[in-house]
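Position one of the sequence shown corresponds to residue 0 (numbering that gives the first Met the number 0), numbered consecutively onward. In this text, a Cβ means the ideal position worked out from N, Cα and C, and glycines have one as well. Heads up, the thing below is written out as structure tokens.
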Amino acid sequence: MEILDLCNVSFSYNRSEFIKGLSVSIGSGEFVALLGANGSGKSTILKLSAGILKPRSGEINLWGKPLHLYHGKERAKLISYLPQMLDINLPFTVKELVNMGRYPYDIPPDLSLEEAMEMVGLIEKADSLVTELSGGERRRVFIAMTLLQGAGILLLDEPLANLDIKYQIELIRLLKGLRDKKGISIIMALHDINMAFYFEKVLLVKSGKMLGMGSPESVFKGDILKEVFDINIEIRRQDSGELFISHKNNFLL
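Below, the structure is given as structure tokens:
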């Protein structure tokens, strides 16, 4: 079942067209990595999907209904967006900020405040001020708030940025577990191409256009990756059979 559908969507900053006739459908329970170089349109696509930006042309439907017809709390119960920049200087504690994820609800969702903080490894810092945390810890606070919101689709813009590799892996495992348990759909913008192998589907974009969508094995081809990232990229296979990305040839003189 398609829950998020972008049909021939275009978007312009000022008069310059940035997203160009994009058509993408996300089904229930899909775990999608959104990949592209800086400035390729990843953040804009997520903001359009969240209803933060409005397309110049085309349609965006959420659960079969035009996205712009959802308002306020109604939309927040269905779709949750975590931005790339998370600058907050207000004196909230971790648990106060995480608890803001409950704002769309008169009756809170099943996940408890404590469970959300435990999931991101911050239960011991529940009473700490967010301003006292590291950049990676702050990102985990917002991820916990997003989880507590309980929406059926999560749009995450570079959530792995500033996280140690331990928490990158734990976050991906956490999100996949939530998807398996609750059937939520997840679209995550990434920089690390190798991390995308842990996703079931990859969406490659360049200059506001989709260049490929499918499983990592089917989409990751040398020519298309070179077009997306403008460097030579090799797809190699480990002895265990797992694929990985190599940039080695770019360092040869």
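Opening and closing residue of the alpha helix (DSSP H) in which residue i lies
i, result
"alanine 195", "First-last for alanine 195: undefined, no H or E at that position."
"valine 140", "134-148"
"isoleucine 271", "Because the chain is modelled from 0 through 252, residue 271 falls outside the range shown and cannot be assessed."
"glutamate 117", "112-118"
Closest by C-alpha distance to residue i, when choosing among the options
i, options, result
"serine 184", "Leu61, Ser22, Ser11, Ala36", "Leu61"
"glutamate 199", "Ser206, Met187, Lys208", "Met187"
"leucine 147", "Glu117, Tyr69, Gln167, Leu45", "Glu117"
"proline 158", "Met194, Val23, Ala150", "Met194"
"glutamate 57", "Ile152, Leu5, Leu77", "Note that residue 57 is glycine in the sequence shown here, rather than glutamate. The candidate whose alpha carbon is nearest that of glycine 57 is Leu5."
"tyrosine 12", "Ser206, Gly213, Glu136", "Ser206"
Element boundaries [beta strand (DSSP E), containing residue i]
i, result
"glycine 20", "15-26"
"lysine 208", "208-213"
"asparagine 60", "56-61"
Exposure label - residue i; buried when at least 16 CB within 10 Å
i, result
"leucine 252", "The pLDDT assigned to leucine 252 is 47, lower than 50, so where the model puts this residue is not dependable; a value taken from the coordinates is nonetheless given after this. Label assigned to leucine 252: exposed."
"isoleucine 25", "buried"
"lysine 53", "exposed"
"valine 31", "buried"
"glycine 182", "exposed"
"glycine 100", "buried"
"glycine 149", "buried"
Beta carbon of residue i nearer than 9 Å to that of residue j
i, j, result
"phenylalanine 145", "leucine 81", "The sequence shown places threonine at residue 145, rather than the phenylalanine named in the question. Against a cut-off of 9 Å, the Cβ pair of leucine 81 and threonine 145 comes out as a contact."
"serine 39", "valine 218", "no"
Residues that residue i bridges to, as DSSP identifies them
i, result
"tyrosine 12", "Ser15"
"tyrosine 80", "Leu154"
"isoleucine 186", "Val31, Leu154"
"leucine 203", "Leu34, Gly211"
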